[in-house]
Structures are given as C-alpha cells and as structure tokens.
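K.L.:
Pasting a structure below so you can have a look.
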Amino acid sequence: MGKAQTPRFIIGTADNLNAATIAIPVTVQNFNQIVAIQGTISWDNSKLNFSSITNAAAQLTGLQVNASTAGGDGRLSYVWVDNNLNPQSLPNNTVLFTINFNVVSGAFGNTNISFGSIPTQLLVAGANGSSISNVTYTNGYVGFVGLPAAPQLIIGTVAQNNQATVTVPVTTRNFTQYIGFQGSINWDTTKVRFAGLNNIHPTLQGLDFQRYNSTSNATGGISFLWLNDTLQPQNITDNSVLFNLVYNVVNGATGNATLSFSNEPTTLLLTTAQGTAASNITTQNGTIALQGGTLPPTFTIASRSHVSDSTVALTVKVNNFSQLLAMQGSI
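Per the working numbering, the sequence shown starts with residue 25, numbered consecutively.
Okay, structure coming up:
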C-alpha cells in the first residue's frame with residue numbers, strides 16, 4: 025500500500041488587480057482524517073486591509089479567526105478543532121475559507137500573502153491528535169496594476185496674428201478620479217491684460233476664479249478653484265479644454281508673453297477621490313507670440329498608465345521645431 029500523501033494548504037493569487045476589493049481563497053489537497061488545524065496568514069497592510077472571512081467549509085464548524093496588525097504586516101490567526109474530535113476529510117481543491125480584503129487606495133506593485141507561525145504556530149493534527157509532519161504550505165500573492173499616469177495640465181502656445189484679443193486654451197491629460205482642482209496662472213502685464221475665462225469644461229461646473237495684479241512687479245494672474253459639489257470623482261478625456269484664457273494684447277507689445285502655472289497665491293493641486301493631493305502633477309507653461317515673437321519648440325513625453333507588460337514604449341513629440349541647428353537634454 026502506498027504511503028498517504030501529506031496535506032497541502034494553498035493561498036490563491038490575483039494579478040493585474042484594479043479593484044477596491046479582492047477575495048482570496050485558501051484551498052486544500054490531501055485533507056484526510058484531520059481533526060484540527062491552526063496557523064497564521066500575513067500580508068502587507070499598506071496594500072491590503074482585512075475585511076472578513078467567508079465560504080468556510082461546512083466541516084470546519086467552530087472555525088475561529090482573529091485579524092491583527094504588527095508594524096506593516098496584516099495578520100490572520102486561524103484555529104479549528106472538530107467539536108467532537110471526529111476526524112474530517114475533504115475533496116481535493118476544497119475551499120477551506122475565503123479571505124476578503126479591501127484594497128488600499130493607490131496600492132501598486134504586489135504583496136505576498138504567506139503562511140507563518142507568528143503569532144499562531146502552524147499545525148495540522150491527525151485522527152490520533154498528533155501533529156502531522158511535512159505539511160506543504162503554498163503562499164499566494166496579489167499583484168496590482170501600475171501607478172496611474174501623472175495628471176498633466178497644459179497652457180497652450182498660440183500666435184497673436186495681429187489680433188487685439190488672443191484666446192489661450194488650458195488643457196489636461198490623465199485627469200482621472202479627481203474631486204478638486206485649484207492653482208494660479210501668472211503673466212507679464214506689460215504685454216497682455218486679462219479679459220476673462222470662457223469655454224469652461226462642463227465637469228468643472230462651479231469653477232471659481234479671481235484675478236489679481238502684483239503691486240511690486242508687472243505680474244498679473246488668476247487664482248482658480250473647483251470642488252465637485254457631491255464629492256464624486258470625475259474623469260476628463262485627454263486633451264480636453266478645461267477653460268480658455270482670454271487676453272487683450274497691450275498696444276505696441278512685442279516678443280513673447282509667457283503664461284505660467286504657479287503656487288502663488290493659490291497652491292496648484294488636484295484632489296483625489298480619497299481627499300488627498302496628487303503628488304505627481306506635471307505642468308507645461310504656454311506662450312503668446314506677439315509682434316516679432318516666435319513660437320518656442322515644445323517637447324512632450326507620452327504617458328502610460330496601469331502598465332502590466334515587461335516593456336513599455338513612450339513617444340517623445342515636438343511642436344514648433346523650426347530652423348534649429350542643435351538640441352540636447354536629459355530624460
């Protein structure tokens with residue numbers, strides 16, 4: 025007669041996760057004539073938070089679980105002893121129980137979900153109550169999609185073309201799941217004077233702005249502020265116009281007028297669905313080419329979000345690349 029195979033406990037896996045919750049099954053093989061089990065399962069608590077245990081096998085009546093944290097680890101201790109000390113057997117691949125997690129906002133990379141003996145020692149007891157040796161424990165993991173692409177705010181670059189009034193669009197890319205938006209835009213008042221905003225994106229309903237002029241230099245600007253009334257996160261399609269800036273050109277102004285994002289007087293930020301400030305905003309300032317001015321070249325590196333492939337290709341594009349002899353830089 026062949027030697028009985030030893031029990032094997034298996035934690036499930038999930039990859040490319042992009043959800044608020046995840047259910048991880050713990051299954052078993054060779055679960056024959058077992059009277060008790062116990063142990064610990066741990067994970068990275070900065071990425072997953074314990075929610076509940078469900079789908080416990082019917083034979084595990086009286087299963088006890090206790091969730092805790094220790095440093096950066098989340099832990100689950102489990103203990104089961106058959107109430108009547110009657111040994112139980114389960115078909116292969118039976119789910120012992122399912123661990124339900126809430127995914128921490130912004131989680132990326134991966135976390136192992138591992139069997140261990142701290143604080144509760146791993147143990148499997150057979151029909152005679154003695155510990156079974158050589159039990160196999162197979163750990164699991166959860167892999168998350170990559171960080172979302174950095175939100176981009178872009179002030180357009182336009183030519184005056186002998187017009188007294190110039191309209192400059194402010195556009196966005198990767199505007200995903202935000203509930204608030206604020207900041208400042210500055211310019212040289214010796215070249216252009218602010219005339220107003222128009223074409224405000226419908227998502228930014230209630231956008232408030234105030235104009236100001238510095239008393240110590242020739243800087244003018246606006247502060248803008250938007251907060252979604254219902255605090256529901258909003259998405260805006262790439263390259264959409266957030267709003268247009270309208271300027272009157274100062275009579276006789278020449279050269280270029282630069283329009284710049286600023287943290288003065290209102291700090292530039294985007295507020296996430298969790299109420300935190302996005303830490304990776306990228307901005308591109310704009311230019312109005314006045315009489316005698318030329319549009320400067322602008323270089324743009326593409327963005328990709330939720331990358332799960334082993335390689336990724338990003339394009340670098342340029343506008344207004346005219347009559348140039350050389351260029352250099354670093355990425």
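Idealized CB from N, CA, C, for every residue including glycine. All figures in this text were calculated on a predicted structure; none of them were measured in a lab.
Nearest by alpha-carbon distance to T162: which of I142, S141, I137 is it?
P.N.:
If we check each option's Cα against that of T162, I137 comes out closest.
K.L.:
Give the range of the beta strand (DSSP E) segment to which D68 is assigned.
P.N.:
Its beta strand (DSSP E) spans residues 55–68.
K.L.:
Could you pull out every unbroken beta strand (DSSP E) segment of at least 3 residues lying fully inside the segment 77–127, listed in chain order?
P.N.:
If we require 3 residues or more, the beta strand (DSSP E) runs fully inside the segment 77–127 come out as 88–94, 97–105, 112–114, 118–127.
K.L.:
With contact counted as at least three CB pairs below 8 Å, one residue from each stretch, are the segment 264–272 and the segment 186–196 in contact?
P.N.:
With a cut-off of 8 Å, the segment 186–196 and the segment 264–272 count as touching, because enough Cβ pairs lie within range.
K.L.:
Is the beta carbon of F74 closer than 7 Å to that of G98?
P.N.:
Yes, these two residues count as a Cβ contact at 7 Å.
K.L.:
Which residue wins for smallest C-alpha separation from T307, given the options G207, P257, F125?
P.N.:
Answer by Cα proximity: G207.
K.L.:
What first and last residue would you give for the beta strand (DSSP E) that runs through A313?
P.N.:
That run of the beta strand (DSSP E) goes 310–313.
K.L.:
Tell me, to the nearest whole angstrom, how far the beta carbon of S284 is from that of I209; I am working on the premise that it is less than 8 Å.
P.N.:
About 7 Å; that satisfies the 8 Å criterion.
K.L.:
Classify S154 as buried or exposed, calling it buried when 16 or more other Cβ atoms lie within 10 Å of its own Cβ.
P.N.:
Exposed: under 16 other Cβ atoms inside 10 Å.
K.L.:
Any beta carbon from chain D within less than 7 Å of N185's own beta carbon?
P.N.:
Absent from the structure is chain D; it holds one protein chain and no more.
K.L.:
Can you tell me whether DSSP reads T227 as helix, strand or coil?
P.N.:
Note: T227 maps to helix in three-state DSSP.
K.L.:
Can you find the residues in the same chain that come closer than 7 Å, C-beta to C-beta, to Q85, ignoring five residues on each side of it along the sequence?
P.N.:
Checking the sequence shown, residue 85 turns out to be Thr, not Gln. The answer, listed in chain order, is N107.
K.L.:
Rounded to a whole number of angstroms, what is the C-alpha to C-alpha distance between A131 and T322?
P.N.:
Roughly 33 Å separates the two Cα atoms.
K.L.:
Taking its Cβ as the centre, do 16 or more other Cβ atoms sit within 10 Å of A301, making it buried, or is it exposed?
P.N.:
Exposed, since its Cβ has fewer than 16 Cβ neighbours within 10 Å.
K.L.:
Tell me which residues share the same chain as A81 and place their Cβ nearer than 8 Å to its Cβ, disregarding the 5 neighbours each side in the sequence.
P.N.:
So the list reads L114, T118, V119, L120, F121, once near-sequence residues are dropped.
K.L.:
For the candidate residues I312, L228, I34, whose alpha-carbon lies nearest to that of Q53?
P.N.:
It is I34 whose Cα lies nearest to the Cα of Q53.
K.L.:
Run through DSSP, which three-state label would V52 get?
P.N.:
Reduced to three states, the DSSP call for V52 is strand.
K.L.:
Could you tell me which residues DSSP pairs with I209 in its beta bridges?
P.N.:
Bridge partners of I209: I246, F285.
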